[in-house]
Structure formats: structure tokens, C-alpha cells
Amino acid sequence: MPNTAPAIDSAAGVRAVRQGAAERGAVHVLQAGALTLGRAGKELADYAAMQAAGAPALTDDGSTPQDSAVMRAAMRAAAALRLPVIDHCEDFRLSKPGVMHGGAVAARLRLLGQPRAAEETIVARDIALARETGCRVHLQHLSAAGSVQMLRAARREGLPVSGEVTPHHLFLTDAAAAVYGVNAKMAPPLREESDRQALLAGVLDGTISCVATDHAPHAEAEKAAGWLEAPFGIVGLEAAVALCLTGLYHTGFLSLRRLVSLFTEGQRELLGLPVGAMTIGAVADVTVLDLDAPHCLKVAEFASRSHNCPYDGWACRGNVVGVFVGGKWTGVADRGL
Ligand SMILES: [Zn+2]
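Under numbering that gives the first Met the number 0, the first residue of the sequence shown is numbered 0, with each subsequent residue one higher.
Following this line, the structure appears as C-alpha cells:
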């Protein structure tokens, strides 16, 4: 995602990340380009140049252009280059200054809430713009039941729209705010059980084609600032597979085939990447799973330097053992997984 400081909104920025990853990275890294300069939502970035530098998609993630005319122009330009637009659906005029979902829990905790409509209005807008411009649009980290409904209808209509969900929106609700404090503060917020059920139904019927973590590392001091000041987001990368094996596969909710697809095929289809194959002579880009190993999530043992995560102590069944990247084994066995 290009929502770094500074934002990755130029060919030089895309190239620098790709170079760093090629020299030092343990995994393949793809760098999306920003939709607008500085992610400010006003002027379009140079899409053709960023595409030539290797950006497979465009996004202002963390925000979306609040001006619908800017988003329309962005989608027209992206469509002309066949670049997908990855969309963080949030209308700031409706979401700010809320810090969690606007429901009974927020009222009880006396915290300012964000309505579902903050997400749903942008989902509706950008489905309409996808219809008009033909742009391939991917709706990130959906949280509200109404968004799933609109995505389902758009896909039935044959529009080039897809959507994703995070493990935290699948396995937590706004009730987590009272238990995990600021480690339950994310954008979009955790919502109610009816929303969670709608997201699960969207995963089950194929409306939602990707699981993504929306991994957002923050320093301890930042998160310690309390509900109003702490930044939005949690780290989810090292827990995602264990959580989904436990909550979606071992419960019998999804087949292993479908679960693996949510982590692989959905993303590759979006970015126009070939789907890997387990055949003789093919390059091994393979994640190796132990499906049954009991695994207790310990945030202190995460490789990430950030520990803002609500899953500490959660008991899971199954986890990643290691990965082959370009044929090279990168095990995590040394960390006892
Ligand atoms: Zn986002």
C-alpha cells in the first residue's frame, strides 16, 4: 500500500520499494501506486509512469478521494491503462470524528461512533463509477452488511467489482472494544453480529473473493495515546492463517480449497498475476501449512516490531510452517511454529 510517509505517488517511489525488496526482501513485494498526489484526493498521480515502474494497482488506501469527480477521473484514467483501483471505502464527513462503530457499545463506552453509511455511501458511489467507467474496482476490508449486499448485486450484474474481508471483521464485533481497548480500534470499525454474519455469508457464497489482513503496525507509544488519539489499525499478518484455519476450515464452514483460494486466487485475479501450479519444473512459491498443530497466538513472539493486536493468547488449530519463495525455503521453524 502506498500510504507511507511520503506517499508512493511516483514512478521513482515505486521503483525504490521494488529495488529495496529485491535486494533485502524475503518475499515478493508488489507496490501499488497512489491514486492522487500525496494521497490528498485532489490531483491524479502519473498512472502510466507508475505502471511502467511495476505498480500493478492504484489506491489511496487509508482514505479514498472524497471528491466524487476526482474519483471518476481517476477511474477513467485507470480503466484506460487496465489498472485496478483498490478502494478504502470511507466518507470522512460521515466517519469523523468517530473512533468506533456507532452502536450500543459506543454509547455505553461514551465514544463517538461511525455509521455504516460512512462505508456504504462510498461502496455505492464506486460501484456506480465502475459501471460508468468500466474500471476494475476492488473494495477493501468491508465491514457493513449493506456493503456486502451491494457487492453481491454488482457482481450478479457482471460489473468488474470484487471485495475483501479481514480476519478481524470475520471474528470480532464492536463488543471487542470493551475487552481489547485500542487494539480494537481500526478503520473501518468492527461492527455488530448481524454485519459479521453478512460478511461470513459473503465469503460462503463467493461474493467476497479475498481475505486480506489490512496489517497496520503502530508503535506502542502511539497506541497508548488512548481511544481518541491512538491511530486506527492492528497487525494481523502473523495471525491471519491460523485464525482462518481455526474459524473457517476446522469449523466446517469452508473447504480447504476455498480457504486457500481466499488467500491466493482472489488476489492474483485482481492483480492479473498467474496462479501458481504444483507441477514439475514450476517455480515454487508455496506456503506450507500444518493443518492440525495446536497453536497459541503470542503477540510478543511476532516477528513484527509492532504488537498492536487483540489476539494474544487465542488458541488456534493449524498454522504456517514456512514458505518457499522462488524455490528457496524460508522456514519459520526457528520460532517454534
Ligand atoms: Zn484501508
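Heads up, the beta-carbon is just placed ideally off N, CA and C, and yes, glycines get one too.
Predicted model, so just to flag it, every value in this text is computed and none were measured.
What is the DSSP secondary structure of asparagine 348, counted as helix, strand or coil?
This structure does not reach residue 348, given that the chain is present from 0 up to 336, and the question cannot be answered.
Opposing strand residues paired with glutamate 163 [DSSP bridges]:
BP columns for glutamate 163 point to Cys209.
Given a cut-off of 8 Å on the beta-carbon distance, is the pair leucine 34 and proline 64 in contact?
Yes, they are a contact pair.
So is the beta-carbon of alanine 186 under 7 Å away from any non-hydrogen atom of ligand 1?
Answer for alanine 186: yes, Cβ within range of ligand 1.
May I ask you to report which of helix, strand or coil DSSP gives threonine 341?
The chain is shown from 0 up to 336; residue 341 falls before or after that span and cannot be answered.
Report yes if the C-beta distance between leucine 227 and valine 98 is below 8 Å; otherwise report no.
Going by C-beta atoms, leucine 227 is nearer than 8 Å to valine 98.
Please go through the same chain and pick out, in chain order, the residues whose beta-carbon is closer than 6 Å to the beta-carbon of aspartate 213, but skip the five residues on each side of it.
Contacts found: His140, Thr165.
Figure out for me which residue from Ala4, Thr3, Gly32, Ala25 has the closest Cα to the Cα of arginine 14.
Taking only the C-alpha atoms, the option nearest arginine 14 is Gly32.
Would lysine 41 be called buried (16 or more neighbouring beta carbons within 10 Å of its own) or exposed?
Label assigned to lysine 41: exposed.
Quick one: what does DSSP say alanine 79 is sitting in, helix, strand or coil?
Helix, per DSSP.
Taking C-beta to C-beta, are valine 160 and isoleucine 121 nearer than 8 Å?
A distance of 8 Å or more separates the beta carbons of valine 160 and isoleucine 121.
Let me check understanding here. Comparing Cα to Cα, which of Glu119, Gly101, Ala6 lies closest to alanine 174?
Among Glu119, Gly101, Ala6, the Cα nearest to that of alanine 174 belongs to Gly101.
Simplified DSSP state of valine 345, which is helix, strand or coil:
In the structure as shown, the chain begins at 0 and stops at 336. Residue 345 is therefore absent and cannot be evaluated.
Should histidine 27 go down as buried or exposed, given a rule of 16 or more other Cβ atoms within 10 Å for buried?
For histidine 27, the number of other beta carbons within 10 angstroms of its own is below 16, and it is reported as exposed.
Hey, how far is the Cα of arginine 115 from the Cα of leucine 203?
In a straight line, the C-alpha of arginine 115 is about 22 Å away from that of leucine 203.
Among Asp66, Pro55, Arg23, nearest to alanine 10 - alpha-carbon criterion:
Comparing Cα-Cα distances from alanine 10 to each of Asp66, Pro55, Arg23, the minimum goes to Pro55.
Own chain partners of tyrosine 310 with C-beta closer than 6 Å, once the 5 adjacent residues on each side are dropped:
Contacts found: Ala238, Leu296.
Is glutamine 30 helix, strand or coil when you go by DSSP?
Residue state, collapsed to three classes: coil.
Can you determine whether any heavy atom of ligand 1 sits closer than 7 Å to the C-beta of glycine 61, and answer yes or no?
Checking every heavy atom of ligand 1 against the Cβ of glycine 61, one is found closer than 7 Å.
Take aspartate 86 as the anchor and find which of Glu119, Gln113, His137, Ala229 has the nearest alpha-carbon.
Among Glu119, Gln113, His137, Ala229, the Cα nearest to that of aspartate 86 belongs to His137.
Buried or exposed, going by whether 16 or more other CB atoms sit within 10 Å of the CB of threonine 245?
Its Cβ being crowded by 16 or more others within 10 Å, threonine 245 is buried.
Quick one: residues in its chain with C-beta nearer than 7 Å to the C-beta of threonine 329, no 5 flanking neighbours on either side, listed in chain order?
Close CB contacts of threonine 329 within its chain, under the 7 Å cut and outside five residues either way in sequence, are with Ala25, Gly321, Val322 (chain order).
Distance between glycine 271 and glycine 280 (C-alpha atoms, nearest Å)
Looking at the backbone, the Cα of glycine 280 and that of glycine 271 are separated by about 22 Å.
Residues that DSSP places opposite methionine 70 in a beta bridge:
According to DSSP, methionine 70 bridges with nothing at all.
Would glycine 232 and alanine 176 qualify as a contact pair, given that the criterion is a beta-carbon distance under 8 Å?
Remark: C-beta atoms of glycine 232 and alanine 176 do not approach each other more closely than 8 Å.
Nearest-angstrom beta carbon gap, alanine 153 and leucine 171 [assumed within contact, 8 Å]:
About 26 Å; that fails the 8 Å criterion.
Just to confirm the assignment, what range does the alpha helix (DSSP H) spanning cysteine 243 have?
239-243 is the extent of the alpha helix (DSSP H) around cysteine 243.
For a test of the three-state rule: what should DSSP assign to valine 234, helix, strand or coil?
When DSSP states are grouped into helix, strand and coil, valine 234 belongs to the coil group.
Mind reading off the beta-carbon distance from serine 305 to valine 234? Whole number of angstroms is fine, and I expect it under 8 Å.
So it is a contact: roughly 5 Å between Cβ atoms.
Strand pairing of proline 88, partner residues [DSSP]
Sequence check: residue 88 is cysteine here, not proline. Residue pairing by DSSP places cysteine 88 opposite no residue, since no beta bridge is assigned to it.
Since cysteine 209 and glycine 265 should fall inside the 8 Å C-beta cutoff, what is the C-beta to C-beta distance between them, to a whole number of angstroms?
In this structure, cysteine 209 and glycine 265 form a Cβ contact; the two beta carbons are roughly 4 Å apart against a cut-off of 8 Å.
Rounded to whole angstroms, what is the Cα-Cα separation between proline 273 and valine 259?
Each residue's alpha carbon lies about 15 Å from the other.
Selected residue, minimal CA-CA separation from leucine 108, among Arg151, Ser193, Val181
When C-alpha distances from leucine 108 are compared across Arg151, Ser193, Val181, the shortest belongs to Val181.
Using a threshold of 7 Å, is the CB atom of glutamine 139 nearer than that to any non-hydrogen atom of ligand 1?
The answer is yes for glutamine 139.
Whose C-alpha, out of Arg38, Arg257, Thr286, Leu198, is nearest the C-alpha of aspartate 338?
Residue coverage of the chain in this structure runs from 0 to 336, which leaves residue 338 outside it and unanswerable.
Return yes when the Cβ of glutamate 118 is within less than 8 Å of the Cβ of alanine 144, no when it is not.
Not closer than 8 Å, so no.
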